[in-house]
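If you want this note's numbering, it's the 1-based position in the sequence shown plus 35. This report refers to the structure that appears directly beneath it.
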Amino acid sequence: NNYPLRGWKMTPWEGGVRAVAWVRGTNSDLAPLPRGVVSHELMHSSDWLPTVVRGVVGGSTDECQPLDGHDQWKVLAGTGENTRDSVVHIMPDAGTPITSNTTMVVRKGQYKLFVPGTTCPGYPDVVSTVHQWITPEWDSAPTTPTPTPHDHDGLSLFLFNVVADPEEAVNLAASHVDVVDDILAWAQTYQQGAVADLANSHTSDLHNSNPENLPYKAFGPWGCPFV
């Protein structure tokens, strides 16, 4: 439950994709962090690998495959600017046209663009989840307005300023046409080099993905067998 944000896990609304994290390092000689700092900078889970390897231990990721993640250590330490200005939540595979039948959800700067679509493996239909909340017992039913999709050159979509409107109540697509066009153009360029979702080509019955095949019948760190 991420109330009062809209949606929950397995939905691309802010309630399903926005999370908090904390890092303790005030007493660390290896990688000290300032005490009591709150950051609202954009960060993605893929950023942790290069952040830890490069920023904390001073290592290199040069031998890794091209990474989507950014080294965010200077952002966490308050000594540098954020180099991430976008997050891809859902992107059609390369070669798949972005239409009203395909789901695409991306964050660019303060804006989040939804193309709800009708097909998205692993995710429910976006429009059907627009009313989703789990209301706590101590609160009344949500009063946040329910947005409706806007037709943009035949493409049904939402545009939210998720910094000013994290509950995704106001669809700005009609009044921010230039923003929609800019993000769509960026997404189409990104999509050209996108790698197909490995979940669609790797089945769940792989030997190493089944904890029954591991010595202690449980997953170890990063899926490595216990020794």
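Just so you know, even glycine gets a beta-carbon here, dropped at the ideal spot from N, CA and C.
Original post:
Thinking just about the alpha-carbon of each residue, which of Gly152, Met45, Arg70 is nearest to the one in Asp186?
Top reply: On the sequence shown, position 151 is the one that residue 186 refers to. Of the residues Gly152, Met45, Arg70, the one whose Cα lies closest to the Cα of Asp186 is Gly152.
Subject >> Contact under 8 Å by Cβ, Asp106 with Gly90 >> reply: The residue labelled residue 106 in the question sits at position 71 within the sequence shown. The residue labelled residue 90 in the question sits at position 55 within the sequence shown. Contact: yes.
Subject >> Closest Cα partner of Thr224 within the set Asp128, Leu102, Gly144, Glu49 >> reply: Looking up residue 224 in the sequence shown gives position 189. When only C-alpha atoms are compared, the closest one is Asp128.
**OP:** Drop a sphere of 10 angstroms on the beta-carbon of Arg41, count the other beta-carbons inside from all chains shown, and report buried for 16 or more, exposed for fewer.
**Re:** Along the sequence shown, read from residue 1 onward, the residue named residue 41 stands at position 6. A residue is called buried once 16 or more other Cβ atoms fall within 10 Å of its Cβ, and Arg41 is buried on that count.
Original post:
So does Trp221 have its beta carbon nearer than 7 Å to some heavy atom of the ligand ADP?
Top reply: By its list of ligands, the structure shown contains no ligand whatsoever, and the ligand ADP lies outside what it can speak to.
**OP:** Could you please give me the residues that DSSP links to Ile125 through a beta bridge?
**Re:** Here residue 125 refers to the residue found at position 90 when the sequence shown is read from its first residue. Paired residue(s): Val140.
**OP:** Can you give me the Cβ contacts of Thr86 inside the same chain, cut-off strictly under 6 Å, excluding the 5 residues immediately before and after it?
**Re:** For this step, residue 86 is matched to residue 51 along the sequence shown. Counting only Cβ-Cβ distances below 6 Å, and skipping sequence neighbours, we find Asp106, Gln107, Trp108.
Original post:
Any idea what DSSP makes of Val150, helix, strand or coil?
Top reply: If you number the sequence shown from 1, residue 150 lands on position 115. Three-state DSSP puts Val150 in a strand.
Original post:
Going by alpha carbons, who is nearest to Pro184 out of Asp64, Asn117, Asn206, Val73?
Top reply: As a working note, residue 184 is residue 149 in the sequence shown. Pro184 has its Cα closest to that of Asn206, out of Asp64, Asn117, Asn206, Val73.
Original post:
Under three-state DSSP, which class holds Tyr38?
Top reply: Translated into positions along the sequence shown, residue 38 becomes position 3. Coil, per DSSP.
**OP:** Take the Cβ of Asp213 as the centre, count every other Cβ of all protein chains shown within 10 Å, and call the residue buried at 16 or more, exposed below.
**Re:** For the purposes of this step, residue 213 is taken as the residue at position 178 of the sequence shown. Burial call: exposed.
Original post:
From Gly228, Gly144, Leu190, His211, pick the residue whose C-alpha is nearest to that of Val198; which is it?
Top reply: For the purposes of this step, residue 198 is identified with residue 163 of the sequence shown, where counting begins at 1. Answer by Cα proximity: Gly144.
Original post:
What residue does the alpha helix (DSSP H) around Leu219 start on, and which one ends it?
Top reply: Here residue 219 refers to the residue found at position 184 of the sequence shown. Looking at the DSSP string, the run of the alpha helix (DSSP H) that includes Leu219 is 212 to 227.
Subject >> Which of helix, strand or coil DSSP assigns to Asp186 >> reply: Here residue 186 refers to the residue found at position 151 when the sequence shown is read from its first residue. Strand, per DSSP.
Original post:
Among the residues of its own chain, which have a CB less than 7 Å from the CB of Thr118, if the five just before and after it don't count?
Top reply: If you number the sequence shown from 1, residue 118 lands on position 83. Taken in chain order, the residues that qualify are His105.
Original post:
Between Phe261 and Asp64, what straight-line distance do the alpha-carbon atoms span, to the nearest angstrom?
Top reply: Mapped onto the sequence shown, residue 261 falls at position 226. Mapped onto the sequence shown, residue 64 falls at position 29. Caution is warranted here: a pLDDT of 38 is assigned to Phe261, below 50, making its placement in the model unreliable, and the coordinate value is therefore given only provisionally. Using only the alpha carbons, I get a separation of about 30 Å.
Subject >> Beta carbon of His211 nearer than 8 Å to that of Leu194 >> reply: As a first step, residue 211 must be located in the sequence shown, where it is residue number 176. As a first step, residue 194 must be located in the sequence shown, where it is residue number 159. Note that the C-beta distance between His211 and Leu194 is below 8 Å.
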